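Asks: Numbering (the numbering used here), first residue to last: 26 to 407. Glycine included, every Cβ here is placed at the ideal spot set by N, Cα and C. Remember, it's a predicted structure, so these values are computed and weren't measured experimentally.
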């Protein structure tokens, strides 16, 4: 990386930032025109109606920055990212089409509301298009055979599609407080960008910083008290884009340890999503059904303000990201220590916030077990 390359990255970051700031008021007007507004209710935290189509500004910031990137590559010799992409068999227009498809899915959902099954199917379609564009998790290093690879073969496509759809949804589910999802996306993208720069993965260096600029620009209007929400058009687009840039950073390196970088960077929304799935399954509720058992709900119930809750989750995410980078870059005991710290922090949070309390009560509540035994005995006696 030369000084000129860093300047070019800063230019793209600034363009994404400024464009998103400029487009967000426009997105707010469109949301009001379509009545795409989150009205206060028992589940939502907002106390007044808030427009929810901020994804228009987010998508616009990404698109404009990407256009400038293409101009820089074609006319001014910026980066070697396109050559690196092409050498890996990545078709940029096809990948871009997949992102557009995901944005359109979120946009339609913001305006008219899609049935969960339809929305999920469209997410799979978008991820499949991205996969067809060459973004694939095709192999990893065999840790037991020096220089050996484990090829995923025909399973590369379903693994990649699952990964991309999962990333889209973890950001969608964490978007519950003012500025929360925006900040976590900034931290995650910055982590992936730093890792890519350290590993000199040319095709993955610039895109995370475009994402950072976009999210930072949107955060100007999305921090508490928010003037606009990103909506599904924003959260699904950001999630898919994060999935893409993380795969660019790790999928072709083959290093097993590098896999933990994006997973730990996105550790907070991943934890929140996994716990939510377990909680809803044990309650015999649809996985997509909203509730008030998320991490941010628990923190609010514990007495923290919305601003402090968001700050706690940002700090938690930043610590996990640092641990992820340390795990990928350090050796020996330091590598294991970083993983241990991340596990302890996450485990303590799950315990302290009682995130699995409904599940534990379901299996280990002595009173419920005694009642069940009593009912069974009564049934037999009858």
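Would you mind giving the Cβ-Cβ distance between residue 196 and residue 160, rounded to the nearest angstrom? I have them listed as a contact below 8 Å.
Replies: About 17 Å; that fails the 8 Å criterion.
Asks: Which value, in whole angstroms, describes the spacing of the CA atoms of residue 75 and residue 57?
Replies: Roughly 9 Å separates the two Cα atoms.
Asks: Helix, strand or coil, according to DSSP, for residue 50 in the structure here?
Replies: Helix, per DSSP.
Asks: What first and last residue would you give for the alpha helix (DSSP H) that runs through residue 179?
Replies: Residue 179 -> no alpha helix (DSSP H), and no H or E assigned at all.
Asks: When the Cα of residue 253 is compared with those of 34, 50, 33, 35, which residue comes out closest?
Replies: Of the candidates 34, 50, 33, 35, the one whose C-alpha sits nearest the C-alpha of residue 253 is 50.
Asks: Going by C-alpha to C-alpha distance, which of 103, 243, 219 sits closest to residue 87?
Replies: With distances taken between Cα atoms, residue 87 lies closest to 243.
Asks: Considering residue 166, what are the terminal residues of the beta strand (DSSP E) in which it resides?
Replies: Note, residue 166: beta strand (DSSP E), 164-166.
Asks: Candidates 59, 215, 348, 97: which alpha carbon is nearest residue 37's?
Replies: The shortest C-alpha separation from residue 37 is found at 97.
Asks: If you draw a straight line from the C-alpha of residue 486 to the C-alpha of residue 124, how long is it?
Replies: Since the first and last residues shown for the chain are 26 and 407, residue 486 lies out of range.
Asks: Quick check on residue 409: does DSSP put it in helix, strand or coil?
Replies: Given that the chain is displayed from residue 26 to residue 407, the structure contains no residue 409 and the question cannot be resolved.
Asks: For the segment 176-183 against the segment 253-273, are there 3 or more C-beta pairs whose distance is under 8 Å?
Replies: The segment 176-183 vs the segment 253-273: no contact.
Asks: Rounded to whole angstroms, what's the CA-CA distance from residue 69 to residue 293? Just pull it up for me.
Replies: Near 20 Å, if we compare the C-alpha coordinates of residue 293 and residue 69.
Asks: Determine the burial state of residue 143: buried for a count of at least 16 other Cβ atoms within 10 Å of its Cβ, exposed for fewer.
Replies: Exposed, because fewer than 16 other Cβ atoms sit within 10 Å of the Cβ of residue 143.
Asks: Which term fits residue 7, buried or exposed, when burial requires 16 or more other beta carbons within 10 angstroms of its beta carbon?
Replies: The requested residue 7 does not occur in the structure, where the chain is confined to residues 26 to 407.
Asks: Within the same chain, show all residues whose beta-carbon is closer than 7 Å to that of residue 404, passing over the 5 residues directly before and after it, in chain order.
Replies: Confidence at residue 404 is low in this model, with a pLDDT of 48, below 50, so its placement is unreliable and no value can be given for it.
Asks: Measuring only from the beta carbon, is residue 165 closer than 7 Å to any heavy atom that is part of the ligand FAD?
Replies: Judged by which ligands are present, the structure shown has none, so any question about the ligand FAD falls away.
Asks: Roughly how many angstroms separate the alpha carbons of residue 406 and residue 317, rounded to a whole number?
Replies: With a pLDDT of only 49 at residue 406, under 50, the local geometry of the prediction cannot be trusted, and the value read off the model is given with reservation. Answer to the nearest angstrom: the Cα atoms are 41 Å apart.
Asks: What residue range does the alpha helix (DSSP H) around residue 118 cover?
Replies: That run of the alpha helix (DSSP H) goes 117-136.
Asks: Of the choices 289, 374, 321, 372, whose alpha-carbon is the least far from that of residue 353?
Replies: Of the listed residues, the one whose Cα sits closest to residue 353 is 289.
Asks: Nearest to residue 325 by CA position, among 35, 201, 46, is which residue?
Replies: Checked all of 35, 201, 46; the closest Cα to residue 325 is 201.
Asks: Near residue 31, which residues of its chain fall below 8 Å by C-beta distance, leaving aside the five closest residues on each side in sequence?
Replies: Excluding positions up to five away in sequence, the list is empty.
Asks: When the Cα of residue 229 is compared with those of 203, 268, 250, which residue comes out closest?
Replies: It is 268 whose Cα lies nearest to the Cα of residue 229.
Asks: Using 8 Å for Cβ pairs, my map puts residue 262 next to residue 102. What's the rounded Cβ distance?
Replies: The Cβ separation is near 30 Å, so there is no contact.
Asks: What residue range does the alpha helix (DSSP H) around residue 305 cover?
Replies: 292-307 is the extent of the alpha helix (DSSP H) around residue 305.
Asks: What three-state label does DSSP hand residue 415 in the structure shown?
Replies: In this structure the chain extends from 26 to 407, so residue 415 is not present and cannot be described.
Asks: Is residue 33 buried or exposed, if buried means 16 or more other CB atoms sit within 10 Å of its CB?
Replies: That one is buried.
Asks: Give me the Cα-Cα distance between residue 251 and residue 176, rounded to the nearest whole angstrom.
Replies: In a straight line, the C-alpha of residue 251 is about 46 Å away from that of residue 176.
Asks: Using C-beta distances below 7 Å, list every residue in its chain close to residue 164, excluding the 5 sequence neighbours before and after it, in chain order.
Replies: Excluding positions up to five away in sequence, the list reads 174, 175, 176, 177, 279.
Asks: Report yes or no: do three or more beta-carbon pairs, one from the segment 203-218 and one from the segment 301-316, lie closer than 8 Å?
Replies: At 8 Å Cβ cutoff, the stretches do not touch.
Asks: Out of 53, 40, 80, 59, which one is the CA nearest neighbour of residue 264?
Replies: When only C-alpha atoms are compared, the closest one is 80.
Asks: Under a Cβ-count criterion, where at least 16 other Cβ atoms within 10 Å of its own Cβ denotes burial, should residue 64 be classed as buried or exposed?
Replies: With fewer than 16 other Cβ atoms within 10 Å, it is exposed.
Asks: Judging by CA-CA distance, which residue of 188, 300, 241, 110 is the nearest neighbour of residue 82?
Replies: Of 188, 300, 241, 110, the residue nearest in Cα terms is 241.
Asks: Rank 273, 239, 249 by C-alpha distance to the C-alpha of residue 260 and give the top, closest one.
Replies: Of the candidates 273, 239, 249, the one whose C-alpha sits nearest the C-alpha of residue 260 is 239.
Asks: Applying the 10 Å Cβ sphere with the 16-neighbour rule, what's the burial state of residue 138?
Replies: Exposed.
Asks: Looking at the unbroken alpha helix (DSSP H) that takes in residue 104, where does it start and where does it end?
Replies: Residue 104 -> no alpha helix (DSSP H), and no H or E assigned at all.
Asks: Run through DSSP, which three-state label would residue 44 get?
Replies: Residue state, collapsed to three classes: helix.
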